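Q: Dropping the structure in here first, questions after.
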Ligand code: HEM
């Protein structure tokens, strides 16, 4: 296959993934519409409602497969072939793929069926944003990006971003459910929220997701990032805006972990900190590329030449 | 305040400072304090951007300067936050390390009196004697790598206390300690290291001493004796332009072919310096970080003397290497001369001149000519890339007094300036490399520190400290066994492990199922 055929395949993969995610979302919505009439104490394993639930899961798997093909196509379309994360579009389609993948991998273990509409809805919307606003044709990487560290650095950043995003969905649910529980009165028997596990379970799941993401993020931004920066730009830490925001994200999530193990802050405070962490993460990823002009991590501009830093001639170099 | 109060006050302050809440607050403060440095251009990161910003905001600049906003990460208030955090950290680590060492040697705590009060528990009765049950429990828990302790209680009754996951706290301590190691590594770099840059024209060389650098930023305790006496020549520079395909116009495989000696008179070695492939000589690292064109321009003055000749570094301004440069000939007679303008490596004209490709396929320089005083005699530092035009007059076209003379020249061209000012010739084009040279002591300390931190973190997040107790006693001629457990980690849940332990001890007998309680998640938290 030629490079442009691979690229066409990749674009078709994204389109198919999008359509199938949409169908999966539809199935889950039908499932949940049916579940509304059943009290949450009753589990539904047979009948139309359960069928739509299983169909939704199956469709999500198919969509994930198409999504994966799209990623592979992206990498194969580049010359030389490479990992599919050289610009923002590729970063977004990669991280949404990992959102689905992580969700599917832990689906059974954590009994996540109630999370289905949220995860599929999230992946679908972000994917649409990527296709509409961020799409850019395949281009070779700039010289500075051609490094094995890129592979390791970005794949870990992508995986951490995906896990933090799932963690974010969980803490938001936690906050919503917490408000409902605080209202007091008898717990409602019907409705979506009634089927969402208790705040304690949500809190534990959210913690586990973050406890997975945090070390991966540490590895991405505080170990492989600096190693790569040292090789490419001679400084392992330069307080470049992208680095600054990666650091901010790290510190905020460290605060989340602290809050979670401090009596009285577990729950609401911790959840809010995790949401702030997620906002800084996505701001760094999309916002900085648009707002900052000094970042050397110029994914947004496509291919920049090797940066040239104009030098000043000074009379005394030590002055 | 009398002495006692003072001591109490000091103790109170210390307790506040080392509390978890303060640590949390300081962490958030640190995150917040890092923000302005990503908004205001930092002098240290991009000096040019910073000075442009300062020129554009004359009113704000002095205020920002006061606040250290052009150098946030070296500012006193940023330092204050992380120093407080460090103190808090140390104040947190020391007592916890003491507690940890005690706990490590301690025996697992004795079973609480009433095990069925714990949220997770199982009970069953069996015909085995308590001794047999406890022996089995010890074996089963030992297999699960629990630390064990056996307690005889009243006659015919006993309990096993088991605990595991001690390394979690160790991981946590290692993590927090490693942060100090990373800070030490970074401090070493900024105190004892340096960053320097030099532009070398291909064919020329560099020997490592202060005077040869274009820019040099030493750490506050750096001593120039520490410079290593190496030297190198840039023999050639290879670059591969992409003419077709998606990356057309881009270049890759920049390679600077170096010949170097580690010390004067040392053996000559060669190295292909490429992006992402620095050369290390001793403690110094050498990086290729940029490249560009240096047109060779000669200015002869009105007397026919050569007033300037040589390759002149032009700075690339776009992807196709449209480059900007200044040529100064202060000694030209009768008047000092200067040129300012652009180089177009592949010249095209379409609503204006531009370069359509980065390679020098059809290069053209387009320069304006100035005559007068270059302002170089005042001392002080002036940039080679900036022309101070305050005392200069643009040279006009022959016979015109308002159309400035623009020299559009291709290699080999020579142009005579009006009024007997002299001639300018464009002799050819050379390339330059921007080479970054730095010493970063402590980088391995920092790397070791973060790696250790990551290991500690993994231990701290994934090791689940938990306790299990099994009590067996005779009740009404049978043995009543109670099993209970407690997960002391923040993400865990011990129900499964207890169930599996119960199943081992009491293989399921449908006639006598274990009576169990697994906490509703609400109670567990
Ligand atoms: C330099 C800044 C700090 C950072 C980046 C940091 C980061 C972290 C992280 C990521 C954790 C999570 C590990 C876990 O949940 O087990 C943690 C736990 C912890 N930190 Fe820090 N920390 C810092 C400073 C401090 C300070 C100053 C204190 C003292 C008050 C402290 C006390 C603790 C404690 C007690 C835990 C264990 C919580 C638990 O058992 O779950 N930390 N820290």
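Chains as they are written, first to last, in the numbering used here: chain R, 228 to 546; chain C, 749 to 1273. Backbone N, C-alpha and C define an ideal beta-carbon position, used for all residues, glycine too. Here the structure is a predicted model, which is why all the values come from computation and not from measurement.
Tell whether a beta-carbon distance below 7 Å holds between residue 854(C) and residue 907(C).
A: Taking the first residue of the second chain as 1, we reach residue 854(C) at position 106. Taking the first residue of the second chain as 1, we reach residue 907(C) at position 159. No, Cβ-Cβ distance for residue 854(C) and residue 907(C) is not below 7 Å.
Q: Residue 823(C) and residue 471(R): beta carbons closer than 7 Å?
A: Numbered from its first residue, the second chain carries residue 823(C) at position 75. Numbered from its first residue, the first chain carries residue 471(R) at position 244. Contact: no.
Q: Note the first and the last residue of the continuous alpha helix (DSSP H) segment covering residue 513(R).
A: Residue 513(R) sits at position 286 when you count from the first residue of the first chain. From DSSP, residue 513(R) is part of no alpha helix (DSSP H); its letter is neither H nor E.
Q: Have a look at 305(R), 340(R), 423(R) and 298(R) and flag the residue whose alpha-carbon is nearest the alpha-carbon of residue 276(R).
A: The residue labelled residue 276(R) in the question sits at position 49 within the first chain. Measuring from the Cα of residue 276(R), the nearest candidate turns out to be 340(R).
Q: Is it buried or exposed for residue 1013(C), if we count other Cβ within 10 angstroms and need 16 for buried?
A: Position 265 of the second chain, counting from 1, holds the residue named residue 1013(C). Burial call: exposed.
Q: Given this structure, state the Cα-to-Cα distance separating residue 348(R) from residue 245(R), to the nearest angstrom.
A: Reading the first chain from its first residue, position 121 is the one you call residue 348(R). Reading the first chain from its first residue, position 18 is the one you call residue 245(R). Going from the Cα of residue 348(R) to the Cα of residue 245(R) covers about 11 Å.
Q: For residue 942(C), would you say it is in contact with chain R, using Cβ-to-Cβ distances shorter than 7 Å as the test?
A: Translated into the one-based positions of the second chain, residue 942(C) becomes position 194. So, not an interface residue.
Q: Does residue 757(C) pass the burial test, meaning 16 or more other C-beta atoms within 10 Å, or should it be called exposed?
A: Translated into positions along the second chain, residue 757(C) becomes position 9. Its Cβ having fewer than 16 others within 10 Å, residue 757(C) is exposed.
Q: Identify, in the order they occur along the chain, each residue of the same chain with its Cβ nearer than 6 Å to the Cβ of residue 941(C), setting aside the five sequence neighbours on each side.
A: Position 193 of the second chain, counted from the start, is the residue given in the question as residue 941(C). Excluding positions up to five away in sequence, the list reads 967, 1187, 1188 and 1189.
Q: Listing by chain order, which chain C residues have their CB less than 7 Å from the CB of residue 458(R)?
A: Counting from one through the first chain, the residue named residue 458(R) turns up at place 231. Per Cβ cutoff of 7 Å: 1024 and 1026.
Q: Three-state secondary structure (DSSP) at residue 457(R)?
A: Along the first chain, read from residue 1 onward, the residue named residue 457(R) stands at position 230. Helix.
Q: Name the one or two DSSP bridge partners that residue 770(C) has.
A: To locate residue 770(C), count along the second chain from 1; it is residue 22. DSSP output for residue 770(C) lists no bridge partner at all.
Q: Nearest CA to the CA of residue 509(R): which residue from 484(R), 473(R) and 303(R)?
A: Here residue 509(R) is taken as the residue at index 282 of the first chain, counted from 1. Nearest option by C-alpha distance: 473(R).
Q: Who are the neighbours of residue 1003(C) on chain R, taking C-beta pairs under 9 Å?
A: As a position in the second chain, residue 1003(C) is number 255, starting the count at 1. Going along chain R, no residue has its Cβ under 9 Å from residue 1003(C), so there is no contact; the nearest lies around 10 Å.
Q: Bridge partners of residue 1164(C), per DSSP?
A: Reading the second chain from its first residue, position 416 is the one you call residue 1164(C). Answer is 1171(C), bridged to residue 1164(C).
Q: Could you give the distance in angstroms between the alpha-carbon of residue 459(R) and the alpha-carbon of residue 1024(C)?
A: Translated into the one-based positions of the first chain, residue 459(R) becomes position 232. Translated into the one-based positions of the second chain, residue 1024(C) becomes position 276. Near 4 Å, if we compare the C-alpha coordinates of residue 1024(C) and residue 459(R).
Q: Go ahead and label residue 852(C) buried or exposed: buried means 16 or more other beta carbons lie within 10 angstroms of its beta carbon, across all protein chains shown.
A: As a working note, residue 852(C) is residue 104 in the second chain. The residue is exposed, with fewer than 16 neighbouring Cβ atoms inside 10 Å.
Q: Looking at the structure shown, is residue 521(R) part of a helix, part of a strand, or coil, going by DSSP?
A: Here residue 521(R) is taken as the residue at index 294 of the first chain, counted from 1. In this prediction, residue 521(R) has a pLDDT of 48, which is less than 50 and means its spatial position is unreliable; what the coordinates show is noted afterwards. Taken through DSSP and simplified to helix, strand or coil, residue 521(R) comes out as coil.
Q: Consider the Cβ of residue 818(C): report whether some Cβ of chain R lies at a distance smaller than 7 Å.
A: By one-based count along the second chain, residue 818(C) stands at place 70. Judged by the 7 Å Cβ criterion, residue 818(C) is not in contact with chain R.
Q: In whole angstroms, what separates the C-alpha of residue 361(R) from that of residue 461(R)?
A: Taking the first residue of the first chain as position 1, residue 361(R) is located at position 134. Taking the first residue of the first chain as position 1, residue 461(R) is located at position 234. Approximately 30 Å, taken between the alpha carbons.
Q: Tell me which residue opens and which closes the alpha helix (DSSP H) that residue 853(C) is part of.
A: In the second chain, residue 853(C) corresponds to position 105, counting from 1. Unbroken alpha helix (DSSP H) run through residue 853(C): 824–853.
Q: Could you tell me if residue 375(R) is buried or exposed, where buried requires 16 or more neighbouring beta carbons within 10 angstroms of its beta carbon?
A: Taking the first residue of the first chain as 1, we reach residue 375(R) at position 148. Classification of residue 375(R): exposed, given that the 10 Å Cβ count is below 16.
Q: So for residue 871(C), helix, strand or coil by DSSP?
A: As a working mapping, residue 871(C) is identified with position 123 in the second chain. Residue 871(C): strand per DSSP, three-state reduction.
Q: Looking at the secondary structure, which residues open and close the beta strand (DSSP E) in which residue 883(C) lies?
A: As a position in the second chain, residue 883(C) is number 135, starting the count at 1. It is not in any beta strand (DSSP E) - residue 883(C) instead sits in the alpha helix (DSSP H) that spans 878–891.
Q: Mind checking who residue 383(R) pairs with in its DSSP beta bridge?
A: Residue numbering aside, residue 383(R) sits at position 156 when the first chain is read from its first letter. Bridge partners of residue 383(R): none, in fact.
Q: Indicate whether residue 255(R) and residue 389(R) have their beta-carbon atoms separated by less than 7 Å.
A: Walking along the first chain from the start, residue 255(R) turns up at place 28. Walking along the first chain from the start, residue 389(R) turns up at place 162. Not in contact: residue 255(R) and residue 389(R) (Cβ atoms no closer than 7 Å).
Q: For residue 948(C), which residues of its own chain have a beta-carbon under 7 Å away from its beta-carbon, when the five flanking residues on both sides are left out?
A: On the second chain, position 200 is the one that residue 948(C) refers to. Hits under 7 Å: 954, 982, 1180, 1181 and 1183.
Q: Could you name the residues of chain R that residue 936(C) contacts, counting a contact when the two beta carbons are closer than 7 Å?
A: On the second chain, residue 936(C) is found 188 positions in, with the first residue counted as 1. In chain order: nothing, as chain R lies at least about 12 Å away.
Q: Could you check whether the Cβ of residue 423(R) sits closer than 7 Å to any Cβ belonging to chain C?
A: Residue 423(R) sits at position 196 when you count from the first residue of the first chain. Not one chain C Cβ lies under 7 Å of residue 423(R).
Q: Kindly indicate which three-state DSSP category residue 764(C) falls into: helix, strand or coil?
A: Taking the first residue of the second chain as position 1, residue 764(C) is located at position 16. Helix, per DSSP.
Q: Report the CB separation of residue 513(R) from residue 315(R) in whole angstroms; it is logged as a contact under 8 Å.
A: If you number the first chain from 1, residue 513(R) lands on position 286. If you number the first chain from 1, residue 315(R) lands on position 88. Indeed they touch by this definition, with Cβ atoms about 7 Å apart.
Q: If we define contact as Cβ-Cβ less than 7 Å, is residue 1192(C) a contact residue for chain R?
A: As a working mapping, residue 1192(C) is identified with position 444 in the second chain. For residue 1192(C), the answer is no, since every Cβ of chain R falls outside 7 Å of its Cβ.
Q: Would you please state the rounded distance, in angstroms, between the beta carbons of residue 1200(C) and residue 929(C)? I believe it to be under 8 Å.
A: As a working note, residue 1200(C) is residue 452 in the second chain. As a working note, residue 929(C) is residue 181 in the second chain. Confirmed, about 7 Å.
Q: Would you list the one or two residues that DSSP bridges to residue 1102(C)?
A: Taking the first residue of the second chain as position 1, residue 1102(C) is located at position 354. Residue 1102(C) pairs with 1096(C).
Q: Starting from the beta carbon of residue 405(R), find every residue of chain C whose beta carbon is closer than 7 Å, and list them in chain order.
A: Mapped onto the first chain, residue 405(R) falls at position 178. Chain C residues near residue 405(R): none, gap ~12 Å exceeds 7 Å.
Q: So residue 1010(C) and residue 1029(C) are in contact, right, with Cβ under 8 Å, and what is the actual spacing, rounded?
A: If you number the second chain from 1, residue 1010(C) lands on position 262. If you number the second chain from 1, residue 1029(C) lands on position 281. That belief holds up - the Cβ atoms of residue 1010(C) and residue 1029(C) are roughly 6 Å apart, short of 8 Å.
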